[in-house]
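Whatever position you read off the sequence shown (first residue = 1), add 41 for the numbering used here.
All residues carry an ideal CB built from backbone N, CA and C; glycine is no exception.
Every value quoted in this text rests on a predicted model; they were computed, and no experiment measured them.
Encoded as structure tokens, the structure appears first; notes follow it.
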Amino acid sequence: MRTGLALLCGPVAVWIVLLVVLWRRSRDRVGLTVVMRMLPDVLRLVGGLARDRTISRSARWPVWFLIAYLASPIDVVPDFVPVIGYADDALLVSLVLQRLVRRAPPDALARHWPGSAEGLDALRRVLRLTSAPR
Numbered sequence: 042m043r044t045g046l047a048l049l050c051g052p053v054a055v056w057i058v059l060l061v062v063l064w065r066r067s068r069d070r071v072g073l074t075v076v077m078r079m080l081p082d083v084l085r086l087v088g089g090l091a092r093d094r095t096i097s098r099s100a101r102w103p104v105w106f107l108i109a110y111l112a113s114p115i116d117v118v119p120d121f122v123p124v125i126g127y128a129d130d131a132l133l134v135s136l137v138l139q140r141l142v143r144r145a146p147p148d149a150l151a152r153h154w155p156g157s158a159e160g161l162d163a164l165r166r167v168l169r170l171t172s173a174p175r
């Protein structure tokens, strides 16, 4: 019972902390509700970018290491430490996503983005990316 509860609460807590980190990193304070709505699209985006063979392997490897790290029971800051336990995971996710998107071809982000155009613009602002390629 406790294990099941921990397995449910862990990803939810990481998700919440990731939302806060992404929101706080945004330059023009993209609304938290916008960030919350785009998170499922971000997860699909990362999966698509990680499998995209037009992106260099060196840019995609950190995503696979990140997935392994998040799935591993060994953590730099244990998840049972309040707030900080999940904050390191959320910060790592944010940094890996930013690196991946910056090293991908300019059209890759738009090609793999499953959400709305407004969501894509919000993601670019949160990640501090330049405007869309013309």
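Check, Outcome
"Below 8 Å on the Cβ atoms is my guess for residue 118 versus residue 129; work out the distance and round it to an integer in Å.", "5 Å"
"To the nearest angstrom, how far is it from the Cα of residue 88 to the Cα of residue 160?", "17 Å"
"Can the beta-carbon of residue 103 be found closer than 8 Å to that of residue 140?", "yes"
"Is it true that the CB of residue 96 sits closer than 8 Å to the CB of residue 149?", "yes"
"Measuring alpha carbon to alpha carbon, tell me which of 79, 127, 167 ends up nearest residue 143.", "167"
"Applying the criterion that 16 or more other CB atoms from any shown protein chain within 10 Å of the CB defines a buried residue, is residue 122 buried or exposed?", "exposed"
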